[in-house]
Each structure stands twice: as C-alpha cells, then as structure tokens.
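Per numbering that gives the first Met the number 0, residue 0 is the first one in the sequence shown, and the count goes up by one each step.
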Amino acid sequence: MIWRMPEKPDTKSVGLPMSSKWDPEKLRQEEAFLQDLETKPLIQRCRGYMKLTGPAWMQSAMTLGAGSAVASVVAGASFGYTLLWVQPVAMILGILMMGALGNVVLTTGERPYSSFAREIHSSVAFLWALGSIVASVVWHFPQYGLAGAAVWDLANLVGVPEDSGAAQYAVKFLAGFAILGFSILVTWNYGAGTRGIRIYEGFLRWTIRLIIVAFLLVVIRTGVNWGALFDGFFGFHMPQGEGSMTLVLGAIGASVGINMTFLYPYSLLAKGWGKHHRGLSRYDLVSSMFLPFVIVTSLIIIAMANTIYDPSMSGVRTDLRPIDAARGLETILGSSLGRIILDLGFIAMTCGAISTHMVACGFTGCEMFKLEYTSKRYRMFTLLPAIGILGVAFPSPLWMPIAASAIALTMLPIAYIAFFIMNNKKSYIGDATGVGLKRVILNCALLIAIIAACIASAIKIKSGVIDKVFPKPKATAALRTN
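Okay, structure coming up:
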C-alpha cells in the first residue's frame with residue numbers, strides 16, 4: 000500500500016511567516032549538508048550538527064528557572080548526592096516526548112495547533128494552548144520572586160540594611176523592571192526574522208553558560224565526593240523520609256512544562272527546519288537541552304550536598320529557599336564569593352525562563368485566537384505574563400497556582416498522549432512513524448513517560464489543588480488530649 004498525505008492542510012497553517020525570511024538557497028544548502036552528514040560516522044555527524052543547534056536552547060532556558068533551582072536545592076540539602084539520578088531520568092523522558100513532537104512537525108511542516116485540532120480534536124488543541132498560557136503567566140511570579148530575592152541579597156552584601164522595608168521594595172521592583180525591559184527587547188527581536196532569532200538564541204546560550212560557570216565555581220570551591228557522586232547517578236536509590244517519594248515522582252513526571260511543549264515545535268518552524276533536520280533536532284535536544292539541564296541541576300545538588308546537607312536530618316527540607324542556600328555558603332566558605340556566584344546564577348536562570356515564557360505566549364496567543372502572525376500581534380501576546388513582575392515582592396494570589404495546577408498539570412499527560420498518537424499516525428506522517436524493533440522500543444519509552452506524567456500530575460493536583468481547596472480539619476485540643 001502506498002502512503003499518501005491526508006487532505007492537504009490550509010497553507011496558512013504550514014510554517015511560520017518569520018521562517019519565510021530565511022534565504023531559500025541557504026536552506027537548500029543546509030539540507031544538502033545535513034543529507035550528506037547522515038552518511039557519516041557518529042562523531043563526524045555531531046561535529047557538523049554542533050554549528051546548527053538552536054531551538055532546544057530555548058527549552059533548556061525555560062526549564063532552568065525558579066522551579067529547577069528550588070527542586071535541586073531541596074534535593075541536595077535534604078538527601079545529599081542520593082537523588083542525582085532523578086534529573087537525568089526526568090529529562091530523558093521529557094526529551095523523548097519532545098523528540099516525538101518534533102518528528103511530527105518536521106515531517107509535515109504544519110503548525111501543531113492546526114494538525115492536532117484536525118487529526119485528534121479541536122478541544123485538545125485549545126486546552127493545550129490554554130494550559131500553556133496559564134502556566135506561563137502563573138510561573139512568571141516565582142521567576143521574578145527568585146530574581147528579586149537574589150538582587151536584594153546582593154544589595155545587602157554592599158551595605159543596604161536588611162531590615163529596610165522601603166529600600167527592599169525599591170530594589171526589587173527596579174530589578175524586576177530592568178529584567179522585564181531586557182526580556183521585552185530580546186523577545187521582540189525574536190520575531191524580527193533571521194537576525195532576531197540569532198540574537199535571541201545567542202543570548203540564551205550565554206545565559207546558560209553563565210549559570211553553568213557560576214555553579215561550577217561553587218562546586219570547585221567545596222570539592223566533590225566522587226564515590227558518592229557515582230553512586231548518586233547510578234545507584235537509583237529512593238531515600239526514606241516524609242515527602243521523598245513525592246519529590247522524586249514529581250521531578251520525573253514534570254521535568255517538561257506544558258508551555259515548553261507548545262513552544263518547541265514553533266521554534267523549530269521559526270528556524271525554517273524541515274524533514275531533513277530531524278537528525279539535527281535530536282542532536283539539538285541532547286546537546287542543548289539534556290546536557291545543560293543535567294549539568295546545572297547536578298551542580299546545584301552537589302553544592303547543596305557539600306554545604307547544607309545534614310545526614311542526621313530525615314525527610315524533605317521544605318523550609319529551605321535558594322537564597323537561604325546562597326547565604327549559607329558565605330559562612331561555610333568563609334567569604335562572600337560563593338554567595339555572590341549563586342545569586343548571579345539564580346538571576347541568570349530566571350532571566351532565561353522569563354524571556355522564553357514570553358516567546359511561548361507570543362506564539363500561543365496567535366494560535367488560540369486563530370490570528371495570522373504579524374510582528375505586532377506576536378509582540379502584544381508576549382506581554383501576557385508581564386503581570387508576573389509583581390512576584391518580586393508579592394507571591395501570586397492563592398487562586399492562580401490552583402488554577403494553573405488544575406489546567407496545566409491535567410493537560411500535560413493529555414498532551415503527551417496526543418504526541419504519542421500523532422507520532423504513530425501513519426496516515427499523517429507516513430514512514431516517519433518508524434518500523435520494527437526501534438519503533439517498539441521508542442513507543443515503550445513514550446508510554447513510560449506518559450505514565451510518569453500522569454502520576455506526577457495526580458500527586459501535584461492533590462497537593463496543590465485538592466488539599467488547598469478541601470484542607471483536612473485540624474484535630475482539636477480535646478481530641479489530641481484523648
């Protein structure tokens with residue numbers, strides 16, 4: 000049976016307007032180069048791919064935000080080196096799903112919102128987009144919160160009194176507006192064609208490199224227990240203590256946010272990538288997303304294990320914040336250097352995450368409202384999460400994280416299932432579904448990622464929504480006495 004493309008999609012849903020600004024001749028040369036690379040040995044292919052990476056840097060910057068910082072600090076401070084294996088396993092499952100989605104988009108060149116609506120159901124596409132916007136807006140608050148706290152900590156180091164309430168608000172909001180202004184500059188350039196995309200991707204590369212250098216310097220200063228390091232990565236231990244299981248399952252299932260899954264395929268199309276870029280896209284996910292994420296989170300865990308971890312304490316250290324960890328280094332190392340380095344690293348993490356949230360909203364807003372892409376509309380929607388700047392001084396209102404958990408965390412497993420279906424839909428992507436044992440192994444891995452996402456979502460919805468909306472009644476004094 001000869002495979003045929005399904006009903007031809009609307010040309011308005013194929014590619015992105017900004018990708019048309021790429022030189023067609025340059026793209027043809029790039030495709031010819033990639034086709035030639037496919038015949039080369041692995042090492043030569045990697046060398047060739049190295050010059051062309053890009054979209055996965057955005058996913059790396061988005062996931063290396065306040066959430067990753069908090070999770071890594073808590074893991075290292077609570078269990079030392081024991082949970083080093085969790086982040087690599089979590090990200091492997093995440094990039095498998097991103098790879099499946101990328102395979103579909105690069106094979107067809109069609110924007111996934113339109114294809115999901117037609118091939119599965121319009122409600123799936125709409126909820127996927129809605130979850131991405133809600134998540135980007137709500138998760139903007141903790142990014143600014145961490146950035147504001149880091150800047151205020153640096154202000155304390157140069158002599159600003161810590162108990163000065165007015166000065167604290169002033170410093171934090173000035174920092175917040177500076178970060179917002181810079182983020183607007185780089186994200187608006189992203190929609191300005193080839194040069195804007197190169198500028199933005201360069202910004203993300205150097206941001207992530209700064210983060211790696213910052214935490215690497217701390218680890219160099221504190222040393223490494225190599226035996227514990229090896230055991231932490233390959234022992235796959237599950238620590239005992241209250242909250243440890245929740246911490247592990249939550250990290251495995253939620254390493255990739257719902258807004259990341261929406262942003263990734265659009266960043267591929269914005270580069271003008273197509274079916275000949277599938278090998279490059281897989282390399283890009285490993286080198287630009289998996290490795291930076293694992294390196295940064297591992298360095299934070301090691302730094303916390305070397306400085307904050309107390310083996311005599313059991314359970315998860317829920318009382319510890321990243322800034323507390325930074326301040327703790329000053330006493331342990333005998334100088335302010337470690338504290339300054341960690342603060343700068345946290346600021347860099349939040350800057351990358353804030354800008355990628357804005358780019359995600361720029362794409363998502365146009366798709367949700369079925370608007371043709373223009374620079375003006377893209378830029379308008381990038382400002383949707385800007386309200387998160389209030390997070391420099393105030394946490395998000397109680398209802399916002401509850402709403403985000405209900406929509407985004409429920410939608411992530413559904414989105415994963417949709418990716419699985421689309422990647423196996425031969426009537427849509429033809430032979431790109433794969434064949435034989437390789438296809439079976441990949442599908443088994445994707446099913447594991449779906450199950451992990453379902454478990455993590457259930458855990459987080461219970462703790463973040465159900466337990467807050469329907470809290471358990473506290474025992475009365477009389478009952479406690481009896």
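We put the beta carbon where it would ideally sit given N, CA and C, even for glycine.
Assumed close pair residue i, residue j - CB separation to whole angstroms, cut-off 8 angstroms
{"i": "residue 101", "j": "residue 264", "result": "7 angstroms"}
{"i": "residue 127", "j": "residue 414", "result": "5 angstroms"}
{"i": "residue 97", "j": "residue 255", "result": "7 angstroms"}
{"i": "residue 67", "j": "residue 296", "result": "6 angstroms"}
{"i": "residue 456", "j": "residue 258", "result": "Residue 456 to residue 258, Cβ: 15 angstroms. No contact."}
{"i": "residue 245", "j": "residue 458", "result": "6 angstroms"}
{"i": "residue 203", "j": "residue 56", "result": "4 angstroms"}
{"i": "residue 189", "j": "residue 366", "result": "Incorrect: roughly 16 angstroms between the Cβ atoms, too far for contact."}
Residue i classed as buried or exposed, judged by whether at least 16 other C-beta atoms fall within 10 angstroms
{"i": "residue 158", "result": "exposed"}
{"i": "residue 478", "result": "Residue confidence is low: residue 478 scores 39 on pLDDT, short of 50, so the model does not pin down where it sits. Its coordinate-derived value is still stated next. Residue 478 comes out exposed."}
{"i": "residue 120", "result": "exposed"}
{"i": "residue 205", "result": "exposed"}
{"i": "residue 138", "result": "buried"}
{"i": "residue 133", "result": "buried"}
{"i": "residue 1", "result": "Residue placement at residue 1 is poorly supported in this model, since its pLDDT is 42, which falls under 50; the coordinates still yield a value, given next. Residue 1 comes out exposed."}
{"i": "residue 62", "result": "buried"}
{"i": "residue 316", "result": "buried"}
{"i": "residue 439", "result": "exposed"}
{"i": "residue 38", "result": "exposed"}
{"i": "residue 110", "result": "buried"}
{"i": "residue 225", "result": "exposed"}
{"i": "residue 307", "result": "buried"}
{"i": "residue 480", "result": "Summary for residue 480: the model assigns pLDDT 40, below 50, so the residue's position carries little reliability; its value from the coordinates is reported in the next sentence. The residue is exposed, with fewer than 16 neighbouring Cβ atoms inside 10 Å."}
{"i": "residue 446", "result": "exposed"}
{"i": "residue 347", "result": "buried"}
{"i": "residue 122", "result": "exposed"}
{"i": "residue 171", "result": "buried"}
{"i": "residue 31", "result": "exposed"}
Residue i and residue j closer than 7 angstroms at C-beta
{"i": "residue 351", "j": "residue 65", "result": "no"}
{"i": "residue 247", "j": "residue 302", "result": "no"}
{"i": "residue 377", "j": "residue 361", "result": "yes"}
{"i": "residue 443", "j": "residue 412", "result": "no"}
{"i": "residue 90", "j": "residue 418", "result": "no"}
{"i": "residue 291", "j": "residue 207", "result": "yes"}
{"i": "residue 231", "j": "residue 80", "result": "yes"}
{"i": "residue 384", "j": "residue 136", "result": "yes"}
{"i": "residue 236", "j": "residue 33", "result": "no"}
{"i": "residue 363", "j": "residue 142", "result": "no"}
{"i": "residue 42", "j": "residue 179", "result": "no"}
{"i": "residue 156", "j": "residue 286", "result": "no"}
{"i": "residue 429", "j": "residue 273", "result": "no"}
DSSP-derived helix/strand/coil call for residue i
{"i": "residue 161", "result": "coil"}
{"i": "residue 118", "result": "helix"}
{"i": "residue 471", "result": "coil"}
{"i": "residue 37", "result": "coil"}
{"i": "residue 109", "result": "strand"}
{"i": "residue 168", "result": "helix"}
{"i": "residue 238", "result": "coil"}
{"i": "residue 80", "result": "coil"}
{"i": "residue 270", "result": "coil"}
{"i": "residue 392", "result": "coil"}
{"i": "residue 372", "result": "coil"}
{"i": "residue 50", "result": "coil"}
{"i": "residue 85", "result": "helix"}
{"i": "residue 175", "result": "helix"}
{"i": "residue 189", "result": "helix"}
{"i": "residue 313", "result": "coil"}
{"i": "residue 344", "result": "helix"}
{"i": "residue 286", "result": "helix"}
Same chain, Cβ closer than 8 angstroms to residue i, neighbours up to 5 away in sequence not counted
{"i": "residue 325", "result": "149, 152, 337, 338, 341, 342 and 345"}
{"i": "residue 386", "result": "136 and 139"}
{"i": "residue 95", "result": "441, 444, 445 and 448"}
7 angstroms Cβ shell around residue i - same chain, five flanking residues per side excluded
{"i": "residue 487", "result": "Shown here, the chain extends from 0 to 481; a query on residue 487 therefore has no answer."}
{"i": "residue 277", "result": "102 and 105"}
{"i": "residue 416", "result": "449"}
{"i": "residue 475", "result": "For residue 475, the predicted structure reports a pLDDT of 45, less than 50, and the residue's modelled location is therefore unreliable. A value from the coordinates is still provided. So the list is empty, once near-sequence residues are dropped."}
{"i": "residue 174", "result": "146, 147, 150 and 391"}
{"i": "residue 154", "result": "170"}
{"i": "residue 293", "result": "86, 87 and 90"}
Proximal residues to residue i (C-beta, below 6 angstroms), its chain only, five neighbours per side dropped
{"i": "residue 186", "result": "354, 357, 358 and 381"}
{"i": "residue 423", "result": "432"}
{"i": "residue 47", "result": "36"}
{"i": "residue 183", "result": "none"}
{"i": "residue 240", "result": "313 and 314"}
{"i": "residue 84", "result": "232 and 235"}
{"i": "residue 437", "result": "none"}
Residue-level contact to chain B via CB, residue i, 7 angstroms cutoff
{"i": "residue 286", "result": "Note that chain B does not occur in the displayed structure, where there is just one protein chain."}
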